[in-house]
Structures are given as structure tokens and as C-alpha cells.
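*Asks:* In full-length UniProt numbering, the protein residues as written are 1 to 179.
Built from N, CA and C at the ideal position, the CB exists for glycine as well.
Predicted, not measured: the structure shown is a model, and the values here were computed from it.
1. If you draw a straight line from the C-alpha of residue 83 to the C-alpha of residue 11, how long is it?
2. Consult DSSP for residue 16 and reduce its assignment to one of helix, strand or coil.
3. Going by DSSP in three states, residue 1 sits in which element: helix, strand or coil?
4. Which residues bound the alpha helix (DSSP H) around residue 154?
5. With distances taken from CA atoms, which of 172, 173, 167 is nearest residue 27?
6. Among 79, 70, 42, which has the Cα closest to the Cα of residue 62?
7. I need the straight-line Cα distance from residue 15 to residue 7, nearest angstrom please.
8. Which residue wins for smallest C-alpha separation from residue 165, given the options 25, 137, 113, 54?
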């Protein structure tokens, strides 16, 4: 089999994004995950049934505030789960159907599992598989795996950077002093 240059490039980019995600997820604590950096902020909230569900804004304006690490890690699981569902021809899940797993260790495990599944999907894919359009592809309807993989690489890098920024802010956060 002739190696697909596109697949090699996508895997290489994915590995770079994954490396940054690992750097920022390594050692992240429950306290960092659940820290609300501003008011308002996008966050996950524990519900009466014990599940942690996300805030889901109607708009993406700056006035909704920054995301917490918990929200950003939930978001990674949300879009990655739906990317898989799209590749399998399944309908995407609604935001409230994907819950945050309740702590930093479990979120690391969840994200690691998604990484392993996605890497395996890319590894076994040939050129024809990369080019095939999928009607249920998420978030880009009728997109090829190649296009979804490129989007996923960018999304993972963006979310990793957001986690890093929140960790830096949390590490240097000081309560305001009274005037």
C-alpha cells in the first residue's frame, strides 16, 4: 500500500496538537478544573442527578465569559464524541447528553481514550477512506474524513491552548486586595 501523504500530514499535525494537550492536562487538578476564572464564565454544573452538565450559550460573544478548564475538557469530549458518531453515520448528541466525568483523573482518562480511538481511525485509513464524504459528518455536513481530521486538529490545539491559559491564570491568581 502506498502511504497517503495527506494522512501522514494529518497524523503529524494531530500528534503536535496532542502533545500540547498532554502538556496542559498532565497534573491538572480538580481545583483547577472547577475554578471559575470570571463571572460569568462557561462552566459545568452538578445537577440534582449527580451528573455534571455544561452551560450552553446561545451566542459566542465575549460577554459569555471565558471557559473553565472543566468546560473546555467537557467540550473536547463533546465534539470528539460527535466526530466519531458522524464517522459512524450516527446522529450527533446534544450538548446536555454529554456529561463531564466529575474529576481531573477521569477527564484525562476520557480524553486519552478518545485520542487512542481517533489515532487508530487515522492509522487504518487509506486515501479512499480519507476522501469519502459522510452525510452525517460533524460539524461539517457531507465532509470527508480528511476535512474532519483537519478541523479536529485545529480544535484540539485551540482547546489545549485554552486549558494552558486557564492553568497559567489559576497559578498566578491572587484575590483582589481591599482598597
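*Replies:* This is what the structure holds:
1. As a first step, residue 83 is located in the chain shown; it is residue number 83 there, counting from the start. As a first step, residue 11 is located in the chain shown; it is residue number 11 there, counting from the start. Residue 83 and residue 11: Cα-Cα distance of roughly 16 Å.
2. Indexing the chain shown from 1 puts residue 16 at position 16. Here residue 16 sits in helix by DSSP.
3. For this step, residue 1 is matched to residue 1 along the chain shown. Annotation note: pLDDT 47 at residue 1 (below 50); position unreliable, coordinate value reported separately. Correct three-state label for residue 1: coil.
4. Taking the chain shown and counting its residues from 1, one reaches residue 154 at position 154. From DSSP, the alpha helix (DSSP H) with residue 154 extends over 145–172.
5. Locating residue 27 in the chain shown gives position 27, counting from the first residue. Considering only alpha carbons, the answer is 167.
6. Numbered from its first residue, the chain shown carries residue 62 at position 62. Closest by alpha carbon: 42.
7. Numbered from 1 along the chain shown, position 15 holds the residue referred to as residue 15. Numbered from 1 along the chain shown, position 7 holds the residue referred to as residue 7. Distance between the alpha carbons of residue 15 and residue 7 is about 12 Å.
8. Locating residue 165 in the chain shown gives position 165, where the first residue counts as 1. If we check each option's Cα against that of residue 165, 25 comes out closest.
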